[in-house]
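K.L.:
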Amino acid sequence: AEAKAVCQRCPVTSECLAWALETGQDAGVWGAMSEDERRSLKRRRARARARSM
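Here my numbering is used: the first residue of the sequence shown is 7, the next is one more, and so on.
1. Going by CA-CA distance only, name the one from Arg57, Cys16, Ser58, Met59 that's closest to Trp36.
2. Alpha carbon to alpha carbon, how far is Ala38 from Ala9? Give it in angstroms, no decimals.
3. Of the residues Cys22, Leu27, Met59, which one's Cα is nearest the Cα of Arg45?
4. Would Glu41 pass as a contact of Asp32 if the rule is Cβ separation under 8 Å?
5. In terms of residues, what are the limits of the alpha helix (DSSP H) holding Ser58?
Written out as structure tokens, the structure is:
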């Protein structure tokens, strides 16, 4: 919760999240998202890509 609070006032949250997703960061809070939240986001994006093909 404390790390996410820092993210809320950070000017590069979206860039941070994009980097974490691109480089496979699987520990800690990146771009205001936890490990579980990033995993869930990746699954949703993969399903959306599969549906659009």
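The beta carbon of each residue, even a glycine, is placed where N, CA and C say it ideally should be.
Everything numeric in this text was worked out from a predicted model, so none of it was measured.
P.N.:
From the atom records:
1. The shortest C-alpha separation from Trp36 is found at Cys16.
2. Approximately 8 Å, taken between the alpha carbons.
3. The shortest Cα separation from Arg45 among Cys22, Leu27, Met59 belongs to Leu27.
4. Contact flag set, yes.
5. From DSSP, the alpha helix (DSSP H) with Ser58 extends over 41–58.
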